[in-house]
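The block underneath contains the structure these notes are about, expressed in structure tokens.
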Amino acid sequence: MFVLVDTTVRPATVALAEPENCARFHLAVTGGDEVAVREALASSDTGTLVDRDSAVVAVEAVRRLARGHVGDDWPSRFAAMLAYAEKKGWLTADGAAVQAHCEWQ
1 MFVLVDTTVR PATVALAEPE NCARFHLAVT GGDEVAVREA LASSDTGTLV
51 DRDSAVVAVE AVRRLARGHV GDDWPSRFAA MLAYAEKKGW LTADGAAVQA
101 HCEWQ
């Protein structure tokens, strides 16, 4: 799954793409407007752009964006993804957010 921020439209949109795929996670940006990405992530309570290479995404935002688009087994698979992220040091200390690398398209 990945968080998709589309800055080619105004206002920029935030969505969760491929939510069933818990084997990968990143933030993809369509367009190159870094300011719009920051604003879209903040206004949607999704996360924060750390720099052009990484973002921090709220775990609850991922759950919210996935709601209605995933199967009954998704919560356990997402929990496993978060456990893996924690082992790698990609979860915040409080477990509320997960680091995501950024792909600019």
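Number 26 in the UniProt record's numbering belongs to position 26 of the sequence shown; there are no gaps in the numbering. Backbone N, C-alpha and C fix where the C-beta goes; we use that ideal spot for every residue, glycine too. Please read these numbers as outputs of a predicted model, since none were measured by experiment.
Checking 8 Å against the spacing of the C-beta atoms, do residue 57 and residue 47 come in under that value?
Result yes, Cβ atoms of residue 57 and residue 47 sit closer than 8 Å.
Between residue 15 and residue 4, how many whole angstroms is the CB-CB distance? I'm expecting something under 8 Å.
5 Å
Could you check the C-alpha separation between residue 122 and residue 86 for me, to the nearest Å?
No answer is possible for residue 122: it lies beyond the span of the chain, which begins at 1 and ends at 105.
In three-state DSSP terms, what is residue 90?
coil
Straight-line gap, residue 33 to residue 42 (C-alpha atoms, nearest Å):
14 Å
Cα-Cα separation between residue 12 and residue 105, rounded to whole angstroms:
14 Å
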